[in-house]
Amino acid sequence: MIMTELHSKSILLGITGGIAAYKAAELVRLLVKAGYNVQCVMTETAQHFIGAATLQALSGKPVLMKLWDNTNGDGMDHIRLSREADAILIAPTSANFIAKLAHGLADDLLSTLCLARACPLAVAPAMNKQMWDKPATQRNLVQIRQDGINVIGPASGEQACGELGMGRMLEPETLLIELEALFQPKLLAGKHVMITAGPTYEPIDPVRGITNLSSGKMGYALARAAWEAGATVTLVSGPTALTTPPNVRVISVTTAQEMHDEVMRGIKKMAIFIGVAAVADYRVAQVAQQKLKKTKTTPTLTLEPNPDILAKVAALPKAPFCVGFAAETEKLSEHAQAKRATKAIPLIIANRAQDALGQDESTLILIDSNGSHALPRQPKLLSARQVIKHIASLL
Ligand code: C5P
2 MIMTELHSKS
12 ILLGITGGIA
22 AYKAAELVRL
32 LVKAGYNVQC
42 VMTETAQHFI
52 GAATLQALSG
62 KPVLMKLWDN
72 TNGDGMDHIR
82 LSREADAILI
92 APTSANFIAK
102 LAHGLADDLL
112 STLCLARACP
122 LAVAPAMNKQ
132 MWDKPATQRN
142 LVQIRQDGIN
152 VIGPASGEQA
162 CGELGMGRML
172 EPETLLIELE
182 ALFQPKLLAG
192 KHVMITAGPT
202 YEPIDPVRGI
212 TNLSSGKMGY
222 ALARAAWEAG
232 ATVTLVSGPT
242 ALTTPPNVRV
252 ISVTTAQEMH
262 DEVMRGIKKM
272 AIFIGVAAVA
282 DYRVAQVAQQ
292 KLKKTKTTPT
302 LTLEPNPDIL
312 AKVAALPKAP
322 FCVGFAAETE
332 KLSEHAQAKR
342 ATKAIPLIIA
352 NRAQDALGQD
362 ESTLILIDSN
372 GSHALPRQPK
382 LLSARQVIKH
392 IASLL
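Residue numbers (our numbering): 2 to 396.
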């Protein structure tokens, strides 16, 4: 998982009745670990699926369940709780609760505070596929979306009842990513963004090859940040050990030529192209079909140049806004400025290769026609969000 921002936002986590309620425990743990204050509110039926003591221990706060708790101050928990929250997330959300939201019912603590809220509300549905497919549920979903409620998931797959289909709640890691996106400004709404990431691998023979050191972390963080900003994102990725970010279309490639071909195939509808991949500049001219054998003489490899993907995209007649990366071991700004000029791109991002490779943090310098702008050393996701903000300001 890409490292997330540490902050003290308050999340009101609602839990309704469904077997997926057991996943709420893991979700609370992840939220707390990411720095959120979490207040759990359970419905009556949720209490049949998970114990309040579990959620209390993980969130560090008593779990609230009753609308009519006259031991608490003025008895207006529903107003106080909804004002304290930066967002409400309900996971799992049952078909019944979706119906209540659609109709504005307020007959328990959770539904009442949803109606009284002044903050964003996201729901993660979880139910049997027949319940999901019913016209009534689908009607209610249309209604709550129209009312500005974010519906996150569900996924399709194996269900607790043994059936297969739509209705599985998304995994807690994905819910956390979706929740964080709620807090990001939609600076790239409606835009298509393509990003290259990771290394390329150029074969010598079936078992050997030439590659560059690159974990892909920066490119994947940028893909997530661009999606958070409302863009439709295509990530053309060389071989990495990273998990595919949710909501991003990933095209997996191996060689620079494959990366080039996939980029060119999709580039026409892109508004922004960000080349983060550590593309091999050369490939082996003659790839051996069989494994090469050790000999007494020193072998020689003849190399030929790969296409410069970024330069080719920037030279297209209707080029998207192009951003390059320059990982340098010395003379950072000087080399980056030169690359920006030769590739004819509006923005280049420089970093010291030895500080960034494989790390979870980066120290970036953004260089454009207005000069250079240094970002602090920070988790790559935070750098990525600032890069996206900068790109949006230049568009
Ligand atoms: O020319 P150099 O490799 O130093 O430039 C780095 C930038 O160019 C990166 O943004 C990288 O993704 C891109 N690049 C490319 N195709 C290549 C080589 C580099 O898109 N063949």
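A virtual CB, placed ideally from N, CA and C, is assigned to each residue, including glycine.
Supposed contact pair residue j and residue i - C-beta distance, whole angstroms, cut 8 angstroms
i           : j           : result
residue 204 : residue 285 : 7 angstroms
residue 224 : residue 249 : 5 angstroms
residue 396 : residue 369 : That pair is no contact at about 12 angstroms.
residue 278 : residue 220 : 7 angstroms
residue 132 : residue 197 : About 42 angstroms; that fails the 8 angstroms criterion.
residue 214 : residue 358 : 5 angstroms
residue 201 : residue 288 : So it is not a contact: roughly 14 angstroms between Cβ atoms.
residue 257 : residue 308 : 7 angstroms
residue 160 : residue 169 : 6 angstroms
residue 120 : residue 88  : 5 angstroms
residue 28  : residue 13  : Going by Cβ atoms, the distance from residue 28 to residue 13 rounds to 13 angstroms, so no, they are not a contact pair.
residue 283 : residue 306 : 6 angstroms
Host beta strand (DSSP E) of residue i (start-end)
i           : result
residue 38  : 38–43
residue 250 : 250–253
residue 328 : 322–329
residue 198 : 193–198
residue 206 : 202–206
residue 274 : 273–276
residue 15  : 11–16
residue 158 : 156–159
residue 397 : The shown model of the chain, from 2 to 396, leaves out residue 397, and the question about it has no answer.
residue 97  : Residue 97 -> not in any beta strand (DSSP E); alpha helix (DSSP H) instead, spanning 96–104.
residue 1   : In this structure the chain extends from 2 to 396, so residue 1 is not present and cannot be described.
residue 211 : 209–212
Span of the alpha helix (DSSP H), counted from its first residue to its last, around residue i
i           : result
residue 50  : Segment: none, residue 50 is in no alpha helix (DSSP H) and carries neither H nor E.
residue 334 : 333–343
residue 61  : Here residue 61 belongs to no alpha helix (DSSP H), and DSSP marks it neither H nor E.
residue 221 : 218–229
residue 132 : 130–134
residue 181 : 173–183
residue 394 : 381–395
residue 110 : 110–116
residue 378 : Careful: residue 378 lies outside any alpha helix (DSSP H) and carries neither H nor E.
residue 351 : Here residue 351 belongs to no alpha helix (DSSP H); instead the beta strand (DSSP E) covers 348–353.
Beta carbon of residue i nearer than 8 angstroms to that of residue j
i           : j           : result
residue 19  : residue 128 : yes
residue 17  : residue 55  : no
residue 152 : residue 194 : no
residue 83  : residue 118 : yes
residue 34  : residue 173 : no
residue 393 : residue 189 : yes
residue 255 : residue 239 : yes
residue 327 : residue 342 : no
residue 292 : residue 206 : yes
residue 92  : residue 176 : yes
residue 9   : residue 40  : no
residue 465 : residue 344 : In this structure the chain extends from 2 to 396, so residue 465 is not present and cannot be described.
residue 58  : residue 43  : no
residue 329 : residue 312 : no
residue 22  : residue 50  : yes
residue 241 : residue 276 : no
residue 150 : residue 171 : no
Subject >> Validate contact between the stretch 60–67 and the stretch 95–102 using beta carbons, cut 8 angstroms, 3 pairs >> reply: no
Original post:
Would you say the stretch 106–115 touches the stretch 128–144, given that touching needs at least three Cβ pairs under 8 angstroms?
Top reply: no
Original post:
Is the stretch 319–333 close to the stretch 345–355, with three or more CB pairs under 8 angstroms?
Top reply: In short, these stretches touch, since the Cβ pair count reaches three.
Original post:
Is the stretch 385–395 in contact with the stretch 222–240, if contact means three or more CB pairs nearer than 8 angstroms?
Top reply: yes
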